[in-house]
Each structure stands twice: as C-alpha cells, then as structure tokens.
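Chemist: Numbered according to my numbering, the sequence shown spans residues 328 to 640. Cβ atoms here follow ideal geometry from the backbone N, Cα and C, with glycine treated the same way. Every value quoted in this text rests on a predicted model; they were computed, and no experiment measured them. My questions will all concern the structure given below.
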Amino acid sequence: MLNQKLMNIDHVVAIGGGHGLGRILAALAFLGPKLSGIVATTDNGGSTGRLRQDQQTIAWGDLRNCLSHLAHRPSLGSMLFDHRFTGDNELAGHNLGNVVLHALDQLCVRPLDAVNLIRGILKIETQIIPMSEASTHLVALSHCGAKVFGELNVDGMTEAPIALSLEPQVQATLEACLAIEKSQLIILGPGSFLTSILPPLLIPEIAESIRNSNAHVMLIDNLTAEYSPASTFSIEDKIVWLNQIIGKKVIVDVIQHGQGQKIASHYSNEVRFNQFNLVSQHHPGLHDKQSLAEAIEQVCQFHLAQQQIPELN
C-alpha cells in the first residue's frame with residue numbers, strides 16, 4: 328500500500344501557514360486524525376487584514392486556506408467556503424470562509440471550536456490548530472534598530488531583519504503543544520519563511536514543546552525564491568534561524584527539489600539534504616502532492632534505519 332510506512336507513525340505535526348502548509352496537509356491527508364497542522368495567525372493582508380483592522384481577532388486566512396486544501400471536492404460546502412465576494416461594496420474582496428469564522432468568533436465561540444465546526448461540516452479528519460487563540464502581530468527589527476510592524480510590512484522590507492517577535496506576546500493554543508508532544512514527525516515549511524514558518528515558533532510554549540520533543544524534525548524547502556527579504560537566505564541560513572529560535576539544533580533532514588532521487592545527498596552540520604523531483608506537472612510553482620508524500624516517507628524510512636544502526640566501538 329502506498330505510504331503504508333507513514334501510516335505506522337503515531338502522529339505527524341506540520342507547522343506553517345498559507346498555501347505551503349495547506350499543500351503539505353493535502354499531501355498527507357490520508358493520515359486523517361494522525362495529522363495536525365499548527366497554523367500561523369499573524370496575517371494582516373487581504374480579507375483577513377480588513378477583518379482585523381477594527382476587531383481584536385486572530386488572522387483567519389491561513390486557517391481557512393488549510394481547511395480549503397483538505398476539503399473534499401467537488402462539494403457545495405467547499406465552494407461556499409472558498410467563495411470570494413465581488414462587486415462594488417463593503418463585502419467585495421472578502422472570503423466567505425473568513426467571514427464565517429470571524430462570525431463564530433464574535434459569537435464567543437472559541438477559535439479552535441470554530442475551526443472544528445467547519446471541519447465537521449467539510450468532513451475533514453485532519454486537525455487544524457491555530458498557533459494561538461489570541462490576537463497578535465508579527466514585528467521585525469531592522470539593522471538600524473527600527474521596528475517594522477505587521478506581516479505586509481515585514482514582507483516589504485528591503486533587507487532581511489535581524490530579529491522577529493510577536494506583539495503582544497501570546498500563549499500557544501494548548502492543543503498545539505499537546506500535538507507536538509505526541510508527534511513522531513514534525514514538518515516545517517514550505518512557505519514564506521519569515522511570515523509563515525517562523526511566527527508559530529516565536530511563541531515560547533511551541534518552541535519549548537519542539538525543543539523537548541524526541542520527534543524527527545524536517546524542513547521542506549521552497550521550489551522557487553521568495554519575493555521577500557528571506558530571498559537572501561540560503562537554506563543553511565534558514566536552518567540557523569530555526570534552530571536559534573527553537574533553542575536547540577533540531578533540524579535533522581531537509582527535503583529539496585532536484586532531478587532524480589537522492590537520499591542524504593550530502594551532509595552539513597549534521598543535517599541531511601535529500602533531493603527529489605517534487606514539481607507538480609499541472610502547477611509548476613507547487614509541490615506535487617504524491618511526490619511530496621513519497622519523499623517524506625523515504626526520508627523517514629532512512630532516518631529510522633540510521634537510528635537502528637548500532638554504533639561501532
């Protein structure tokens with residue numbers, strides 16, 4: 328059976344935001360309840376940004392995006408959830424899924440419960456967990472010491488920041504930490520490095536949960552360069568940022584696009600770099616879901632085999 332080895336893993340956690348995390352979750356959706364996505368909630372652009380302007384609410388856009396990637400298609404429910412209003416009025420540009428989640432929030436439904444209600448309607452087994460249930464924004468510190476507030480402005484910086492933080496500092500969603508604690512595999516990326524992958528890790532409880540975990544941690548590299556300050560980062564730079572924020576050298580494997588299949592094609596600072604042909608034939612800018620799942624499975628198998636090799640005296 329395809330991907331049978333991954334089915335033997337008790338729990339997998341993927342962390343990030345936007346389309347990148349959604350793609351990973353869709354690729355591993357066959358794991359059902361054994362898979363959890365921990366989603367960044369700091370976006371301040373588009374429909375989500377407009378909802379956040381006058382409301383103390385988390386960013387719903389990336390959560391909606393992940394739910395959309397996992398929804399069964401075609402279905403009326405998925406079409407409604409993805410619907411974006413048109414016309415020349417206040418609703419124009421808003422996504423119905425964002426509005427529904429925001430409405431549930433205003434009804435004093437816990438954000439995670441709101442997500443779970445939509446999961447039930449769309450018949451999604453995979454757990455989708457906001458990184459926090461409190462409103463916060465991403466803040467970058469520039470080389471000159473200036474603060475750059477909000478994801479949109481961080482992405483628009485002309486040079487990479489020297490540090491990132493959340494304002495205000497918020498607590499992690501309890502279920503996010505519990506999912507990490509029981510996971511055997513933690514996947515970071517792909518996606519916008521500064522504004523999708525890093526925000527959840529800036530919450531101390533999430534960083535601590537990863538730091539204390541015995542899970543196999545891997546990073547999925549992007550297919551193309553980012554249109555953001557992170558475009559200047561090498562993959563080694565990203566690994567340094569991730570390990571520093573988490574507080575421990577946790578990255579064991581990197582999966583990258585490359586011709587052919589090369590498990591552990593080379594090592595650098597105890598990190599294995601693995602290359603696979605991952606580009607979707609239908610969408611060249613996206614990872615092929617089946618190829619991605621197979622690459623993750625092969626790297627997990629190799630990691631497990633290495634763990635079982637006895638050390639020579």
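1) With a Cβ-Cβ cutoff of 7 Å, do A467 and L491 count as a contact?
2) Pick from A398, T463 and K589: whose alpha carbon is nearest that of V442?
3) Since I believe L528 is in contact with V481 (beta carbons under 8 Å), could you give me their beta-carbon distance rounded to a whole number of angstroms?
4) Please report the distance separating the alpha-carbon of N541 from that of P517.
5) Between the Cα of K589 and those of E452, F603 and I578, spot the shortest distance and give me the residue it belongs to.
6) Are V366 and I513 close, meaning C-beta to C-beta below 7 Å?
7) Less than 7 Å between the C-beta atoms of T375 and P526, yes or no?
8) Output needed for K361: all residues of its chain with C-beta closer than 8 Å, excluding positions within five of it in sequence on either side, in chain order.
9) Determine the burial state of M406: buried for a count of at least 16 other Cβ atoms within 10 Å of its Cβ, exposed for fewer.
10) At which residue ranges does the segment 467-544 contain complete alpha helix (DSSP H) runs of 4 or more residues, listed in the order of the chain?
11) Under a Cβ-count criterion, where at least 16 other Cβ atoms within 10 Å of its own Cβ denotes burial, should G483 be classed as buried or exposed?
12) According to DSSP, L386 sits in a beta bridge with which residue or residues?
13) Thinking T500 and L439 are a contact (beta carbons under 8 Å), I'd like their distance in whole angstroms, please.
14) What does P457 pair with, by DSSP beta-bridge criteria?
15) Anyone know if the C-beta pair for S523 and G364 falls short of 7 Å?
16) Assign T453 to one of two classes, buried (16 or more other C-beta atoms within 10 Å of its C-beta) or exposed (fewer than that).
17) Using the beta-carbon count (16 or more within 10 Å), is T463 buried or exposed?
18) Taking the alpha helix (DSSP H) that V626 falls in, what are its first and last residues?
19) Candidates H593, R599 and H584: which alpha carbon is nearest S618's?
20) Can you tell me where the beta strand (DSSP E) holding R400 begins and where it ends?
21) N539: beta carbon under 6 Å from a heavy atom of the ligand ADP?
22) Do you know offhand how far L505's Cα is from M458's?
23) In angstroms, rounded to a whole number, what distance separates the CA positions of I573 and I455?
24) Within this structure, are the beta carbons of K332 and E621 separated by less than 7 Å?
25) Could you give the DSSP three-state label for F600: helix, strand or coil?
26) Given 8 Å as the limit, is there contact between the segment 608-617 and the segment 561-579, that is, 3 or more CB pairs closer than that?
27) Counting contacts by CB-CB distance shorter than 7 Å, is P457 in contact with chain C?
28) What is the rounded straight-line gap between the Cα of G347 and the Cα of R377?
29) Let me confirm a value: N640 is counted as buried when at least 16 other C-beta atoms fall within 10 Å, else exposed. Which label applies?
Modeler: Walking through what the data contain:
1) As a first step, residue 467 must be located in the sequence shown, where it is residue number 140. As a first step, residue 491 must be located in the sequence shown, where it is residue number 164. Yes, the Cβ-Cβ distance between A467 and L491 is below 7 Å.
2) The count along the sequence shown starts at 1 and reaches residue 442 at position 115. Of the listed residues, the one whose Cα sits closest to V442 is A398.
3) Within the sequence shown, residue 481 is the residue found at index 154, counting from 1. Within the sequence shown, residue 528 is the residue found at index 201, counting from 1. In fact, because the Cβ distance is near 15 Å, the residues do not count as touching under 8 Å.
4) Taking the first residue of the sequence shown as position 1, residue 541 is located at position 214. Taking the first residue of the sequence shown as position 1, residue 517 is located at position 190. Straight through space, the alpha carbons of P517 and N541 are spaced by roughly 22 Å.
5) Within the sequence shown, the letter at position 262 stands for residue 589. The residue with the shortest Cα to Cα distance from K589 is F603.
6) Start at 1 with the first residue of the sequence shown, and residue 366 comes out as number 39. Start at 1 with the first residue of the sequence shown, and residue 513 comes out as number 186. No Cβ-Cβ contact shorter than 7 Å links V366 with I513.
7) For the purposes of this step, residue 375 is identified with residue 48 of the sequence shown, where counting begins at 1. For the purposes of this step, residue 526 is identified with residue 199 of the sequence shown, where counting begins at 1. Not closer than 7 Å, so no.
8) Start at 1 with the first residue of the sequence shown, and residue 361 comes out as number 34. For K361, the CB contacts under 8 Å within the same chain, skipping 5 residues up- and downstream, are M334, I336, D337, H338 and V339 in chain order.
9) Mapped onto the sequence shown, residue 406 falls at position 79. If you draw a 10 Å sphere on the C-beta of M406, you find fewer than 16 other C-beta atoms in it, and that means exposed.
10) The alpha helix (DSSP H) runs lying completely inside the segment 467-544 and spanning 4 residues or more are 478-482, 501-509, 525-528 and 531-538, given in chain order.
11) Counting from 1 along the sequence shown, the entry for residue 483 is found at position 156. The residue in question, G483, is exposed, as its Cβ has fewer than 16 Cβ neighbours within 10 Å.
12) Here residue 386 refers to the residue found at position 59 when the sequence shown is read from its first residue. First, the residue type needs correcting, since residue 386 is Ala and not Leu in the sequence shown. As far as DSSP is concerned, A386 takes part in no beta bridge.
13) Taking the first residue of the sequence shown as position 1, residue 500 is located at position 173. Taking the first residue of the sequence shown as position 1, residue 439 is located at position 112. The Cβ separation is near 6 Å, so the contact holds.
14) Within the sequence shown, residue 457 is the residue found at index 130, counting from 1. Paired residues: V366.
15) As a first step, residue 523 must be located in the sequence shown, where it is residue number 196. As a first step, residue 364 must be located in the sequence shown, where it is residue number 37. Result no, Cβ atoms of S523 and G364 do not sit closer than 7 Å.
16) As a working note, residue 453 is residue 126 in the sequence shown. Its Cβ being crowded by 16 or more others within 10 Å, T453 is buried.
17) Reading the sequence shown from its first residue, position 136 is the one you call residue 463. Classification for T463: buried.
18) One-based indexing of the sequence shown puts residue 626 at position 299. DSSP places V626 inside the alpha helix (DSSP H), whose first and last residues are K616 to Q635.
19) Looking up residue 618 in the sequence shown gives position 291. Among H593, R599 and H584, the Cα nearest to that of S618 belongs to H584.
20) Counting from one through the sequence shown, the residue named residue 400 turns up at place 73. In the DSSP assignment, R400 falls outside any beta strand (DSSP E) and carries neither an H nor an E.
21) Absence of the ligand ADP is noted for the structure shown, with no ligands found whatsoever.
22) Taking the first residue of the sequence shown as position 1, residue 505 is located at position 178. Taking the first residue of the sequence shown as position 1, residue 458 is located at position 131. Taking the straight line joining both Cα atoms gives about 12 Å.
23) Translated into positions along the sequence shown, residue 573 becomes position 246. Translated into positions along the sequence shown, residue 455 becomes position 128. When rounded, the separation of the alpha-carbon atoms in I573 and I455 is 22 Å.
24) Residue 332 sits at position 5 when you count from the first residue of the sequence shown. Residue 621 sits at position 294 when you count from the first residue of the sequence shown. Not in contact: K332 and E621 (Cβ atoms no closer than 7 Å).
25) Taking the first residue of the sequence shown as 1, we reach residue 600 at position 273. Strand at F600.
26) The segment 608-617, when compared against the segment 561-579, does not touch it at the 8 Å Cβ threshold.
27) The structure shown contains no chain C; it holds only a single protein chain.
28) Residue numbering aside, residue 347 sits at position 20 when the sequence shown is read from its first letter. Residue numbering aside, residue 377 sits at position 50 when the sequence shown is read from its first letter. A straight line joining the alpha-carbon of G347 with that of R377 spans about 22 Å.
29) By one-based count along the sequence shown, residue 640 stands at place 313. With a pLDDT of 41 at N640, under the threshold of 50, the modelled position of that residue is not reliable, and the figure given next carries that caveat. Counting C-beta atoms within 10 angstroms of its own C-beta, N640 has fewer than 16 neighbours from the protein chains shown and is therefore classed as exposed.
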